[in-house]
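Here is the structure we will look at, set down as structure tokens.
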């Protein structure tokens, strides 16, 4: 049997964030793959229903999906994000097909969202009072410059 090599991980698909539908007849999950050229991961949301898997999104920066209702999924996406912008955008998409529609933005890096009821959500977000630009427009240019300078740094 051949040993696993480091470059073999470039071809793996990583599954995460499995969520059952409220009616328990379908589930959604995130599939992430390595993007060696951009040194990042591409991630999209898939639907498993009636014994088959279907891709719901193709934005390459989609994930953290939850059921908005029985036939709609709410997910975060970086598809239209400007580089290093401190905002998390949420979209909805129907399980029956169609385009994803932008729902709302949150001016922070959101790592998790949960639905409380029909109109309210709770979020888990990162905020660093020393480096965050949320509410401080004058800091945005300084932060962008610092991020650009540190991007070239390697350990």
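Residue numbers (my numbering): 599 to 753. Where a beta carbon is used, it is the ideal one built from N, C-alpha and C, also for glycine. Remember, predicted model here, so these are calculated numbers, not experimental data.
- The C-beta distance from residue 678 to residue 687 rounds to 7 Å, short enough to meet the 8 Å contact threshold.
- The Cβ atoms of residue 634 and residue 604 lie no closer than 8 Å to each other.
- In the DSSP secondary-structure assignment, residue 659 is bridged to 641.
- Classified as buried, residue 642 has 16 or more neighbouring CB atoms from the shown chains inside 10 Å of its CB.
- One thing to note: residue 661 has its Cβ no nearer than 8 Å to the Cβ of residue 715.
- Listed in chain order, the non-local C-beta contacts of residue 670 below 8 Å within the same chain comprise 690, 691, 692, 693, local neighbours out to five positions each way being set aside.
- Each residue's CA atom was taken as its position, placing residue 647 and residue 658 some 22 Å apart.
- For residue 718, there is no enclosing beta strand (DSSP E), as DSSP marks it with neither H nor E.
- Within its own chain, the residues whose Cβ lies closer than 8 Å to the Cβ of residue 703, once the five positions on either side in sequence are excluded, are 685, 686, 687, 688, listed in chain order.
- Distances from the CA of residue 696 to each of 712, 717, 655 were compared; the closest alpha carbon is that of 655.
- Annotated three-state conformation of residue 605 is helix, per DSSP.
- Rounded to the nearest whole angstrom, the CA to CA distance from residue 613 to residue 653 is 13 Å.
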